[in-house]
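One structure is given here, and the rest of the page talks about it.
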Amino acid sequence: MKKKLFLICAFAMAGLSMISCNSDDEDFERSIVGKWNYNKTIVSTNGGTPVDSPYNEHEEGCNKDYVEFVQGGVFRDVILFKNQQGVCTEDTAPNSTWTKDNSTLTIGNDVYTIVTLNGSELRYENTTDVSGVPVKVVKVYTKN
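Residues -22 to -1, 1 to 122 in mature numbering (1 follows the signal peptide of the UniProt record, and there is no 0) are what the sequence shown lists, from first letter to last.
Written out as structure tokens, the structure reads:
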């Protein structure tokens, strides 16, 4: 009896050891293609305390505003609003292009570093110089 219990435990342990624990947060090989809803922007100046600014511009009664990474490299920035007839309508900026190479994301002429890319969240950031002061901007999106 003890031998059977030992064998069962040994097989269970062997099976569990084959299961991989992989964090989606840093899986930059994951596809970015799809629609991503605006969530918030995080800004920090000169390495200071980050300030969260939630995205509150979603039109009530419409789907959420989003960016879309279309297969083949087309980037769409879509804002939804109600027209005069009360119908939710897309207001799109002119399409741009995008490319992704591991954690480097290029949208048009802007280059970002992907911080998080998983099945539910996309975060990318860049740092720009504003009058000699470094300003880091992190854009946060949730999967549509």
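Glycine included, every Cβ here is placed at the ideal spot set by N, Cα and C.
Small disclaimer: the values here were computed from a predicted structure and weren't measured.
Using only the alpha-carbon positions, how far apart do N(-1) and N96 sit? Numbered from its first residue, the sequence shown carries residue -1 at position 22. Numbered from its first residue, the sequence shown carries residue 96 at position 118. Legend: pLDDT at N(-1) = 43, less than 50; position of this residue unreliable, value from coordinates given subsequently. Going from the Cα of N(-1) to the Cα of N96 covers about 11 Å.
Would you grab the beta carbon distance between D30 and K18 for me? Rounded to a whole angstrom, and I think it's under 8 Å. Along the sequence shown, one-based indexing puts residue 30 at 52. Along the sequence shown, one-based indexing puts residue 18 at 40. Indeed, because the Cβ distance is near 6 Å, the residues count as touching under 8 Å.
Taking the beta strand (DSSP E) that E68 falls in, what are its first and last residues? Start at 1 with the first residue of the sequence shown, and residue 68 comes out as number 90. Taken as a continuous stretch (DSSP letters only), the beta strand (DSSP E) holding E68 covers C66 to T70.
- Alpha carbon of V113 to alpha carbon of E38, nearest angstrom: For the purposes of this step, residue 113 is taken as the residue at position 135 of the sequence shown. For the purposes of this step, residue 38 is taken as the residue at position 60 of the sequence shown. Roughly 32 Å between the two C-alpha positions.
message: Using 7 Å as the threshold, is the C-beta distance between Y90 and W14 below it?
response: Walking along the sequence shown from the start, residue 90 turns up at place 112. Walking along the sequence shown from the start, residue 14 turns up at place 36. Cβ atoms of Y90 and W14: not closer than 7 Å.
### Query
Using the rule of at least 16 other Cβ atoms within 10 Å of the residue's Cβ for burial, across every protein chain shown, is F59 buried or exposed?
Counted from its first residue, the sequence shown places residue 59 at position 81. The residue in question, F59, is exposed, as its Cβ has fewer than 16 Cβ neighbours within 10 Å.
Open item on the list: Please return the same chain residues whose Cβ sits closer than 7 Å to the Cβ of T23, not counting the five positions on each side in sequence.
Closed with: Your numbering for residue 23 matches position 45 in the sequence shown. Contacts found: V111 and V113.
* Alpha-carbon to alpha-carbon, V21 and T27 -> Position 49 of the sequence shown, counted from the start, is the residue given in the question as residue 27. Position 43 of the sequence shown, counted from the start, is the residue given in the question as residue 21. Approximately 8 Å between the Cα atoms of the pair.
Helix, strand or coil at G12 [DSSP, three-state] | The residue labelled residue 12 in the question sits at position 34 within the sequence shown. Of the three classes helix, strand and coil, the one that applies to G12 here is strand, per DSSP.
- Task: Output the boundary residues of the beta strand (DSSP E) element that contains D107.
- Result: Position 129 of the sequence shown, counted from the first residue, corresponds to residue 107. Per DSSP, D107 belongs to the beta strand (DSSP E) from E99 to V108.
*Inter-residue Cα distance where the pair is V48 and S9*: As a position in the sequence shown, residue 48 is number 70, starting the count at 1. As a position in the sequence shown, residue 9 is number 31, starting the count at 1. Looking at the two C-alpha atoms, the distance is approximately 11 Å.
> Start and end of the beta strand (DSSP E) containing D55?
Replying inline: Numbered from its first residue, the sequence shown carries residue 55 at position 77. Segment V52 to K60, the beta strand (DSSP E) holding D55.
*Give the DSSP bridge partners of D88, in chain order.*
By one-based count along the sequence shown, residue 88 stands at place 110. Paired residues: I85.
Notebook entry, point to check: Looking at the structure shown, is D79 part of a helix, part of a strand, or coil, going by DSSP?
Noted result: Residue 79 sits at position 101 when you count from the first residue of the sequence shown. It is a strand residue.
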